[in-house]
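For reference, the structure is listed below as structure tokens.
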Amino acid sequence: MAVNRYTKMAYANADEMVFGKAKFPVKGGLGLEIGAGYTIPEVNYAPRPQAGVSKEALVKEYERITKDIMARAVQIGFPAISLESEHVQQMSNNPDWGAEVAHVQKSILEEYHEEYGIKCGLRHTIGDIREDRDFLALRGAKNDVMLEAFEKCAAQGADFLSIESMGGKEVFDHAIIRDDIAGVLFGIGVLGSNDMEFVWQNIAAIAKKTGRIAAGDTDCAQANTAMFIAGGLLDKNLAHTTAIVARCVAAARTLTAYESGATGPGKDCGYEHTIVKAIAGIPISQEGKSSTCAHADVLGNLTMQCCDMWSNESVEYHGEFGGTTVQVWAETLGYDCALMNTALKTGNEKVLRDLCMLSDRYRDPQGYVLAYDNAYRVGEAIAANGNDTYLRAKAAAEMCCKILDEGIKGGKLILTRFEANALEAVKKDLAALPTERNKFIEQCMAKYKAEVAVFRPENYSL
Amino acid sequence: MLDFKKEDIATILVRYNVAMEKTMTPDEAAEQLYPKDPLLKAVAVAIYEGEEDDVIDALDALLDCGKAPLSLIDQALLPGMAVVSNLYDQGIVFLPNVMMSADAMLEGIEYCKSKTKELPKAKATIVCHVAEGDVHDIGKTIVAALLKADGFEVVDLGRDVPVDEVVAAIVQHKPLMATGTALMTTTMYAFKEINDKLVEKGIKVPFQCGGGAVNQEFVESYSLGIYGEEASDAAKAANFILKNGAGIDKLRDAFHNH
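Residue numbers (this note's numbering), protein chains in the order written: chain A, -13 to 448; chain B, 963 to 1220.
Structure, rendered in structure tokens:
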């Protein structure tokens, strides 16, 4: 399957972008159409620790989870819902385990769809198991097992196929905790994009063969690592200005899935997806205020601005006062979507979008840059350099810095001295980078082969 | 597009980090903490700036004065690193500064070791690992770096470490403490298995666990478990044990905040 680069924007301007509507909606599952004028709750969950002891125990756990969610969805009256099973390692390392889970889940969804007419779908996010004990092993036997897991899960009922691919993480992990922006660009922008071309062409081929949807990726392994190390306002581990630069670079990387055959819905934890939607017009899942069960962030309302599916990210399955956790969070997501869908039906979607965006716009530099108008500008920088994964990642980082500078100058985005200094350091480092891809790769290969013991260039075809 | 008037923003959100930021710059704060001796100060400044070559140059100056190579670890390198750790604890410098300083200090330690046949004595040994089935190791990398920066010897078993391998390493190295990190709910169950095998062997080493899906409630479900909420808690717990002993109840009292 060919890789078709994006060099133009899907939307003529940022204001065209709203939640629940994508330029290129995706039909899938049991009656769902994502991005076709309504938003859909996407419930995500994790089995209890002891559930991993055997295949039978794990399958039973997912059966309980799925029944609980569907029962709550019809009790409250939600017209549509989607489920996401992010594989625990046992499900991907043993493709039959994942396939059995998909089969059991899909059977339950089919029963509910048949009995109540509720539109529903199932995403399986296969674990990126392409690792040996000490090194990434992106090509070879582990890749074969991973693709087998994709194919078997698709065959057994998974409608939307996703992954959180890990290419470039070995260099990124070294770089991000040393404020090394060249390493961030190399790890995410070059290595990550390179690996995604390989991964997503294969997934797209499986989707085509099985009649499923090659949905999308997320830079969870890298940009989310940066975001979580950065933490809250008072955490002292990474400047939030550095974290948002990594996020913008991640948009240039995550776009590669859609250039390699994926069609959306993009995966929830890809906070870079508003930028990607602006370029590719694909529907996206997002998480924010209703994923506080999984983690804290500083842009909980803002991420709702252009979502097509709305997710809780993950919650461990157990009991709460209001039911099991998956029921509680499914209900929260469902009501959020009901509000967005009401806005869409009454012509108020742009008002609600702006309220969501504005409530977080100045909370943190990350929210400021991901606000849809600024995200669109980062998208333009990527598309203008679309044919070169290095140059577009660099352009995304530079545009991010420019947007932050403008925000500071405008007086509404206020940074700490530490964040401002980190921003200046990033700008200086970016200015010193080569303008040619080959030169950059040559420099990085030499540097990271020496500095990162676990970096194996043979994982990438550069 | 909707927007706020500037004066309205603070009614919606408060940038407490801006309001609370220390007035003193990191350089000014470091200056107050450096050793007075100019040669020792040169080592500390080089570590603070994360300049490995400058650390070696500063160590050479001390060696030229007749200082014993290994003595420089305790007298120059660790005190230099302590300046950075102190500033990190105060929130004046951030993690990347600590990591770059730790790299420079460890380079200095290797240099001192290369100048003698004697072996340095660490504060104590800590065994670190990432749970079996889990390959997410950035948390463990930070934990190990902060422990080394504090003068502990780290036996780093890496990631996706089988339960029996962790147990064997603890039997072999008799560490002051062991650490385990995990991102996922199903992989963290390995901590309990490690705990049970250690207990079966009569080994009562504090076992600090944290990361991703790990929470205090789960860690308290096995008898040697101590919850580590932040990466920096590992060095704090190790120092606590050196001072107060390895009693699990005392450690839980000190580190379990929820």
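Virtual Cβ for every residue (Gly too), placed ideally from N, Cα, C.
Note that this is a predicted model, so its numbers are computed, not measured.
Close CB contacts of B/Ala1107 within its chain, under the 7 Å cut and outside five residues either way in sequence, are with Met1061, Ala1064 (chain order). Residue pairing from DSSP leaves A/Asp254 without any beta-bridge partner.
Distance from the CA atom of B/Lys1085 to the CA atom of B/Leu1049, rounded to whole angstroms, is 21 Å.
DSSP places B/Leu1119 outside both helix and strand once states are collapsed to three, so it counts as coil. Annotation: Cβ neighbours of B/Val980 in chain A (cutoff 8 Å, chain order): Ile400, Leu401, Thr402.
Close partners of A/Asn373 in chain B (Cβ separation under 7 Å) are lacking, with about 31 Å as the shortest Cβ gap.
Cα atoms of A/Gly178 and B/Glu1182: separation of roughly 38 Å, rounded to the nearest angstrom.
Annotated three-state conformation of B/Leu1204 is helix, per DSSP. 8 Å or more divides the Cβ of A/Ile389 from the Cβ of A/Val412.
Looking only at A/Ala(-4), A/Tyr98, A/Tyr31, the smallest Cα-Cα distance to A/Thr310 is reached by A/Tyr31.
Within chain B, not a single residue places a beta-carbon under 7 Å from that of A/Leu448; the smallest gap is close to 23 Å. At least 8 Å separates the CB of B/Arg1214 from every CB of chain A.
Contact between A/Tyr24 and A/Asn327 holds, since their C-beta atoms are separated by about 5 Å, short of 8 Å.
Unbroken alpha helix (DSSP H) stretches of 4 residues or longer found wholly inside the region 380 to 443 of chain A: 403 to 417, 423 to 437, given in chain order. The beta carbon of A/Val74 falls within 8 Å of a beta carbon belonging to chain B, placing the residue at that interface.
Taking the CA atoms as reference points, A/Tyr102 sits about 17 Å from A/Ala316.
Considering only A/Gln36, A/Phe426, A/Ala229, the residue with the shortest C-alpha distance to A/Leu448 is A/Phe426. By the criterion of at least three beta-carbon pairs nearer than 8 Å, the region -3 to 15 of chain A is not in contact with the region 51 to 59 of chain A.
Spatial neighbours of A/Phe136 in its own chain (CB-CB distance under 7 Å, excluding positions within 5 residues in sequence) are listed in chain order as Ile112, Leu147, Ile189, Ile192. A/Ala201 carries a strand assignment under DSSP once its states are collapsed to helix, strand and coil. Bounds of the alpha helix (DSSP H) holding A/Thr227 are 226 to 245.
Ranked by Cα distance from A/Asp166, the first of A/Leu416, A/Glu422, A/Leu330 is A/Leu416. With a threshold of 8 Å between beta carbons, B/Ile971 makes contact with chain A.
By the beta-carbon neighbour count (other beta carbons within 10 angstroms, threshold 16), A/Lys105 is buried. A/Asn30 is bridged by DSSP to A/Glu70. For the pair B/Ala1093 and B/Gly1101, the Cα-to-Cα distance works out to about 12 Å. For the C-beta of B/Thr1141, not a single chain A residue is nearer than 8 Å; the gap to the nearest is close to 17 Å.
Of all alpha-carbon atoms in B/Phe1153, B/Asp1099, B/Val1133, the one lying nearest the alpha-carbon of B/Arg1121 is that of B/Asp1099. In the DSSP assignment, A/Lys9 falls outside any alpha helix (DSSP H) and within the unbroken beta strand (DSSP E) covering 7 to 14. In the DSSP assignment, the residues bridged to A/Cys106 are A/Leu16, A/Ile67.
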